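Asks: Please see the structure below; I have some questions.
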Amino acid sequence: MEALRGETLAAGPAASRAGALLTLEGLAVGPPGGPVLLQDVDLALAPGERVALVGASGAGKTTFLRTLNGQIAPKAGAIRLAGEPFSALAGGRLRRARGQVALIAQKHDLVDVLPVHANVMAGALGRWSDLRALRYLIRPRAGELAEAEAALAAVGLAGKLMSDTAHLSGGEQQRVAIARALVQAPKLLLADEPVASLDPATASEVLRLLTELAKTRGVGLICSLHQPELAARWFDRVLELRDARLEAAC
Numbered sequence: 005m006e007a008l009r010g011e012t013l014a015a016g017p018a019a020s021r022a023g024a025l026l027t028l029e030g031l032a033v034g035p036p037g038g039p040v041l042l043q044d045v046d047l048a049l050a051p052g053e054r055v056a057l058v059g060a061s062g063a064g065k066t067t068f069l070r071t072l073n074g075q076i077a078p079k080a081g082a083i084r085l086a087g088e089p090f091s092a093l094a095g096g097r098l099r100r101a102r103g104q105v106a107l108i109a110q111k112h113d114l115v116d117v118l119p120v121h122a123n124v125m126a127g128a129l130g131r132w133s134d135l136r137a138l139r140y141l142i143r144p145r146a147g148e149l150a151e152a153e154a155a156l157a158a159v160g161l162a163g164k165l166m167s168d169t170a171h172l173s174g175g176e177q178q179r180v181a182i183a184r185a186l187v188q189a190p191k192l193l194l195a196d197e198p199v200a201s202l203d204p205a206t207a208s209e210v211l212r213l214l215t216e217l218a219k220t221r222g223v224g225l226i227c228s229l230h231q232p233e234l235a236a237r238w239f240d241r242v243l244e245l246r247d248a249r250l251e252a253a254c
């Protein structure tokens with residue numbers, strides 16, 4: 005394996021520094037107040053490109069993804085999203101920039117007591133006022149429900165708009181989480197072990213859906229996985245976190 009330093013590996017087959025959606029330059033990441041888990045990362049991701057991250061538990065995959073969406077500040081280096089210095093922003097500018105990056109967590113982060121449409125439209129909270137969000141929970145408008153239904157249709161759940169979230173299967177809940185991310189209308193989609201709790205057939209279906217949506221919508225996708233065989237099957241590039249470096253998987 006070869007560490008991701010230098011233009012050839014960093015740019016990859018689809019991206020270039022000039023036209024990249026996401027650019028990482030000398031990035032080092034680690035938990036707040038904790039050690040560096042990953043360092044010296046140079047990487048460029050093109051719109052619509054699908055990249056898988058593999059590595060042992062504790063290698064830093066989740067920390068890396070949370071750094072990319074602004075939840076954790078980088079230890080060193082720069083993150084640029086569509087050419088803008090994402091890692092240097094703060095306050096309102098950071099919140100607006102984070103709206104362009106959607107993170108699908110391993111445990112879905114859905115609210116079981118809410119209907120499916122409310123969980124889907126949580127993806128709009130970054131562009132809604134608190135008052136509008138409260139009003140939606142009491143009396144959603146037809147246009148808002150239509151937006152939720154369109155997102156659900158994109159993930160194959162068009163008939164689940166008014167369903168109880170708690171009654172969905174694990175695979176269906178993961179699709180709801182993807183629909184919520186689509187409502188956010190991100191430029192970059194991050195998925196943290198999205199199929200860890202799913203059976204093999206459902207896992208393949210969810211990854212097929214994620215990678216097809218990224219390609220057809222021109223959204224960059226970075227997805228962490230424990231299954232190298234799924235990474236090789238569904239993604240344009242497979243990168244491994246190993247010994248505090250991000251490397252191209254053999």
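Quick note, the working numbering runs 4 ahead of the 1-based positions in the sequence shown. From the three backbone atoms N, C-alpha and C, an ideal C-beta is built for every residue, glycine too. Quick caveat: nothing in here was measured; it's all calculated off a predicted structure.
(1) Rounded to a whole number of angstroms, what is the C-alpha to C-alpha distance between Gln188 and Gly130?
(2) Could you tell me which residues DSSP pairs with Arg3 in its beta bridges?
(3) Helix, strand or coil, according to DSSP, for Asp240 in the structure here?
(4) In this structure, does DSSP put Asp247 in helix, strand or coil?
(5) Is the number of C-beta pairs between the region 54-72 and the region 218-236 that are closer than 8 Å three or more?
(6) When the distance is taken between beta carbons, is Val40 closer than 7 Å to Asn73?
(7) Taking a contact to mean a Cβ-Cβ separation below 7 Å, would you say Arg179 touches Ala126 in this structure?
(8) Report the rounded CA-to-CA distance for Ala24 versus Glu53, giving the unit in angstroms.
(9) Under the assumption that Ala82 contacts Arg246 (Cβ atoms under 8 Å), give the Cβ distance between them as a whole number of angstroms.
(10) Distance check for Glu176 and Arg145, CA to CA, integer angstroms please.
(11) By the DSSP assignment, the alpha helix (DSSP H) with Ser228 in it spans what residues?
(12) Can you tell me which residues form a DSSP beta bridge with Thr27?
(13) So the candidates are Lys79, Ile76, Glu29 and His121; which of them puts its Cα closest to the Cα of Leu85?
(14) Helix, strand or coil: how does DSSP classify Ala252 here?
(15) Could you tell me the distance, in whole angstroms, from the CA atom of Glu209 to the CA atom of Gly103?
Replies: This is what the structure gives:
(1) 8 Å
(2) This structure gives no information on residue 3, because the portion of the chain shown stretches from 5 to 254.
(3) coil
(4) coil
(5) yes
(6) no
(7) no
(8) 10 Å
(9) In fact, because the Cβ distance is near 23 Å, the residues do not count as touching under 8 Å.
(10) 24 Å
(11) Note, Ser228: premise wrong, no alpha helix (DSSP H); beta strand (DSSP E) at Gly224 to Leu229.
(12) Ala48 and Arg84
(13) Glu29
(14) strand
(15) 27 Å
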